[in-house]
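K.L.:
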Amino acid sequence: NLSFPEIGEAFGGRHHTTIMHACDEIEQLRLNDQNIGQDLGFLTQVLRG
1 NLSFPEIGEA FGGRHHTTIM HACDEIEQLR LNDQNIGQDL GFLTQVLRG
């Protein structure tokens with residue numbers, strides 16, 4: 001697990017607050033759209049191998 005600053009650096013030097021905002025936005029989308037929740041679950045499985 002990476003910190004927000006580490007994730008920001010991995011995404012081209014983005015500020016950690018940009019990453020925090022993106023996480024909040026994704027969480028809201030996940031809560032409001034079951035398909036996005038399923039897609040995120042699939043992506044998580046793929047990335048974890």
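Counting in the numbering used here, the sequence shown runs from 1 upward without gaps.
C-beta: ideal position from N, C-alpha, C; glycine also.
Considering only the beta carbon of each residue, do I19 and I7 sit closer than 7 Å?
P.N.:
Taking 7 Å as the cut-off, the Cβ atoms of I19 and I7 count as close.
K.L.:
How far does the alpha helix (DSSP H) with L40 in it extend, from its first residue to its last?
P.N.:
34-48
K.L.:
Distance, Cα to Cα, P5 vs T17?
P.N.:
8 Å
K.L.:
So, helix, strand or coil for L2, using DSSP?
P.N.:
coil
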